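> Protein chains in written order, with this note's numbering: chain H, 90 to 287; chain Y, 83 to 337. Just so you know, even glycine gets a beta-carbon here, dropped at the ideal spot from N, CA and C. Bear in mind that the values here come from a model prediction, so they are computed numbers and not experimental data.
(1) Identify which residue in Y:252, Y:264 and Y:91 has its Cα closest to the Cα of residue 78 of chain Y.
(2) Measuring alpha carbon to alpha carbon, tell me which residue in H:176, H:253, H:193 and H:232 is nearest residue 186 of chain H.
(3) So, is the C-beta of residue 105 of chain H closer than 8 Å to a C-beta in chain Y?
(4) Drop a sphere of 10 angstroms on the beta-carbon of residue 103 of chain Y, count the other beta-carbons inside from all chains shown, and report buried for 16 or more, exposed for fewer.
(5) Around the C-beta of residue 219 of chain H, are 16 or more other C-beta atoms found within 10 angstroms, so that it is buried, or is it exposed?
(6) Please report the distance separating the alpha-carbon of residue 39 of chain H from that of residue 86 of chain Y.
(7) Give a yes or no on whether 8 Å exceeds the smallest Cβ distance from residue 250 of chain Y to chain H.
(8) Does the beta-carbon distance from residue 287 of chain Y to residue 307 of chain Y come in below 8 Å?
(9) Which one or two residues does DSSP pair with residue 250 of chain Y in a beta bridge?
(10) Taking just the CA atoms, how far does residue 219 of chain Y sit from residue 167 of chain H?
(11) Would you say residue 82 of chain H and residue 178 of chain H are within 8 Å of each other, going by their C-beta atoms?
(12) What residues in the segment 296-311 of chain Y have a beta carbon less than 9 Å from any beta carbon of chain H?
(13) Helix or strand or just coil, what does DSSP make of residue 98 of chain Y?
(14) Residue 156 of chain Y touches chain H at which residues, Cβ-Cβ below 8 Å?
(15) According to DSSP, simplified to helix, strand and coil, what is residue 243 of chain H?
(16) In chain order, what residues of the same chain have a beta carbon less than 6 Å from the beta carbon of residue 221 of chain H, not counting five sequence neighbours either side?
(17) Let me confirm a value: residue 101 of chain H is counted as buried when at least 16 other C-beta atoms fall within 10 Å, else exposed. Which label applies?
(18) Could you tell me which of H:250, H:252, H:251 and H:244 sits nearest to residue 266 of chain H, measuring between CA atoms?
(19) Would you say residue 182 of chain Y and residue 208 of chain Y are within 8 Å of each other, going by their C-beta atoms?
(20) Note down the Cα distance separating residue 122 of chain Y from residue 162 of chain Y, rounded to an integer number of angstroms.
(21) Between the alpha carbons of residue 128 of chain H and residue 162 of chain H, how many angstroms are there, rounded?
(22) Got a sec? Which residues, its chain only, sit under 7 Å from residue 216 of chain Y by beta carbon, not counting five neighbours each side?
(23) Give the interface partners of residue 180 of chain Y over in chain H, defined as CB-CB distance under 7 Å, in chain order.
(24) Looking only at its own chain, which residues have a Cβ that is under 8 Å from the Cβ of residue 269 of chain H, when we skip the five neighbours before and after it?
(25) Hey, does residue 122 of chain H have any beta-carbon neighbour from chain Y nearer than 8 Å?
(26) Could you tell me which of H:169, H:135, H:200 and H:195 sits nearest to residue 246 of chain H, measuring between CA atoms?
(27) Output needed for residue 344 of chain Y: all residues of its chain with C-beta closer than 8 Å, excluding positions within five of it in sequence on either side, in chain order.
(28) So, for residue 244 of chain Y: in the same chain, excluding its five sequence neighbours on each side, which residues have a beta-carbon less than 6 Å away from its beta-carbon?
(29) Can you find a CB in chain H that lies within less than 8 Å of the CB of residue 317 of chain Y?
(30) Under a three-way DSSP split, which group does residue 90 of chain Y fall into?
(31) Please classify residue 168 of chain Y as buried or exposed, where buried requires at least 16 other C-beta atoms within 10 Å of its C-beta.
(32) Excluding sequence positions up to five away, which residues of its chain have a Cβ less than 7 Å from the Cβ of residue 270 of chain Y?
(33) May I ask you to list the residues that DSSP assigns as paired with residue 249 of chain H?
(34) So within the segment 269-336 of chain Y, which uninterrupted alpha helix (DSSP H) runs reach at least 4 residues, ignoring any that extend past its ends?
(35) Please report the straight-line C-alpha distance between residue 195 of chain H and residue 205 of chain H, rounded to a whole angstrom.
(36) Quick test of your reading: residue 130 of chain Y and residue 99 of chain Y, contact by CB under 8 Å. State the CB separation rounded to the nearest angstrom.
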């Protein structure tokens with residue numbers, strides 16, 4: 090099996106690579122279109138800012154390449170948000186795979202204020218699809234984000250911070266997770282294994 | 083629900099984990115890679131790994147050690163000690179660190195925080211502050227591992243750092259550190275309720291109740307400790323079960 094991690098100007102690639110290594114899977118890190126298109130599975134990671142990342146992808150034609158992939162693709166964090174239609178982060182048009190909009194966390198006018206971005210471990214529930222095979226409801230994953238994808242028809246996992254939102258999305262061959270499976274202890278490792286076995 | 087984090091801290095000197103009392107009298111506490119992996123397996127939510135001699139001896143944090151830890155650890159970890167440039171951080175992140183912490187260098191050159199946040203994002207910039215309550219009842223910033231006093235108040239510096247782009251604050255009370263008499267609740271609460279970023283309380287945690295107090299009374303987002311974990315005085319799983327029973331949200335560890 091050939092696994093590719095898409096290389097672009099958004100961090101955390103190393104962590105994803107090490108997490109794969111821990112479960113005994115090799116991966117190539119590349120922005121080469123042919124290598125991406127010929128891979129069996131693709132991970133689209135990302136930590137950073139939406140508009141800068143989209144500009145980078147567009148300059149290299151990777152936006153069109155990613156949208157048209159037929160094999161399983163897993164977006165992580167910013168990667169997942171970029172797979173949505175639009176992000177409020179610098180009013181950015183994204184890849185449009187998922188219709189769910191990406192919005193900024195805002196504290197409600199009443200009630201205690203929470204910290205934004207959300208940083209830390211939160212539970213995920215209403216788990217759907219085999220990405221969560223063997224994972225019980227309300228297990229904890231590690232999140233770091235100030236923007237979130239709203240709930241919608243493609244939601245396959247939910248988390249609550251201020252309000253419920255999409256912890257994971259899926260449409261056809263495309264999967265996205267808001268949290269960092271590569272940093273979510275054994276629960277995250279199980280999800281990465283599940284993705285590899287899709 | 084977002085949970086409160088328990089963070090074991092691994093102070094590193096010459097590649098070994100050490101722990102001093104009131105920043106002095108350093109004792110050996112084992113191999114940091116093994117300890118880190120053990121804590122991750124026991125349900126630690128994050129690790130902090132500080133090269134405590136780095137600033138004083140002008141050494142760079144051992145990026146090789148960071149790399150070894152990154153290969154083995156499946157939870158987030160922060161690296162600090164002697165970080166004074168964007169280049170230092172770049173090397174550590176490339177070696178697998180998730181976040182970096184900066185202390186003295188950032189105080190001397192606050193622009194560093196801004197540069198780091200712009201280059202790598204606020205989420206990986208942790209500002210560490212060593213603070214001490216003086217006779218006038220005010221908390222002041224100390225530098226160089228607690229050796230150098232400044233006239234800047236802790237809250238003022240914390241606020242400035244957050245405005246510059248610091249994503250979290252690791253607050254160590256020198257009055258409490260190593261005493262096992264409890265965390266500094268007043269300054270922790272002041273920062274946590276007035277600043278929009280997570281506050282990691284450090285220094286003084288000696289009993290499970292101290293952790294409850296710092297979360298419940300001082301609204302800390304995370305609590306950090308070293309020796310009580312290294313010397314197995316408190317087990318991470320036991321601590322989390324206790325906090326859970328006290329209605330404090332924690333990530334319970336399921337096998």
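Let me lay it out:
(1) Residue 78 of chain Y lies beyond the stretch modelled for chain Y, which goes from 83 to 337, so this question has no answer here.
(2) Out of H:176, H:253, H:193 and H:232, H:176 has the C-alpha closest to the C-alpha of residue 186 of chain H.
(3) Output row for residue 105 of chain H: interface = no.
(4) Reliability of the predicted coordinates at residue 103 of chain Y is poor, the pLDDT of 45 falling under 50, and the value obtained from them is presented with this limitation in mind. Under this definition residue 103 of chain Y is an exposed residue.
(5) Here residue 219 of chain H is exposed. Its C-beta has fewer than 16 other C-beta atoms within 10 Å.
(6) Nothing in the structure corresponds to residue 39 of chain H, since chain H is present only between 90 and 287.
(7) It does; some Cβ of chain H falls within 8 Å.
(8) Taking 8 Å as the Cβ cut-off, residue 287 of chain Y and residue 307 of chain Y qualify as a contacting pair.
(9) In the DSSP assignment, residue 250 of chain Y is bridged to Y:208.
(10) Straight-line Cα distance between these residues: approximately 44 Å.
(11) Residue 82 of chain H is absent from the structure shown; chain H starts at 90 and stops at 287.
(12) Of all residues in the segment 296-311 of chain Y, 303 and 304 have a Cβ within less than 9 Å of some Cβ in chain H.
(13) It is a strand residue.
(14) What residue 156 of chain Y touches in chain H: 108, 111, 271, 272, 273, 274, 275, 277 and 278.
(15) Under the three-state reduction of DSSP output, residue 243 of chain H falls in the coil class, being neither helix nor strand.
(16) The beta carbon of residue 221 of chain H is closer than 6 Å to none in its chain, skipping five residues each way along the sequence.
(17) A buried status is given to residue 101 of chain H, since no fewer than 16 other beta-carbon atoms sit within 10 Å of its beta-carbon.
(18) Checking every option, the nearest Cα to that of residue 266 of chain H belongs to H:244.
(19) Between residue 182 of chain Y and residue 208 of chain Y, the gap from beta carbon to beta carbon is short of 8 Å.
(20) Residue 162 of chain Y has its alpha-carbon roughly 19 Å from the corresponding atom of residue 122 of chain Y.
(21) C-alpha separation (whole angstroms): 10 Å.
(22) Correct list, in chain order: 222.
(23) Going along chain H in sequence order, the residues near residue 180 of chain Y (Cβ under 7 Å) are 104 and 272.
(24) Take residue 269 of chain H, set aside five residues on each side of it, and the residues of its chain with a beta-carbon closer than 8 Å to its own are 101, 104, 165, 166, 230, 231, 232, 233 and 277, in chain order.
(25) Not one chain Y Cβ lies under 8 Å of residue 122 of chain H.
(26) When C-alpha distances from residue 246 of chain H are compared across H:169, H:135, H:200 and H:195, the shortest belongs to H:169.
(27) Beyond the ends of chain Y as shown, which are 83 and 337, falls residue 344 of chain Y; an answer cannot be given.
(28) Only 277 and 279 meet the Cβ criterion.
(29) Contacts with chain H at 8 Å (Cβ-Cβ) do not include residue 317 of chain Y.
(30) Here residue 90 of chain Y carries a strand assignment [DSSP, helix/strand/coil].
(31) Under the 10 Å beta carbon count, residue 168 of chain Y is surrounded by fewer than 16 other beta carbons and is classified as exposed.
(32) When the five nearest sequence neighbours on each side are left out, the beta carbons in the same chain lying within less than 7 Å of the beta carbon of residue 270 of chain Y are those of 253, 281, 283, 296, 300 and 302, in order along the chain.
(33) Answer is H:253.
(34) With a minimum length of 4 residues, the continuous alpha helix (DSSP H) runs that stay inside the segment 269-336 of chain Y are 290-298, 309-312 and 318-327.
(35) Answer to the nearest angstrom: the Cα atoms are 8 Å apart.
(36) Rounded, the Cβ-Cβ distance is 12 Å, inconsistent with contact.
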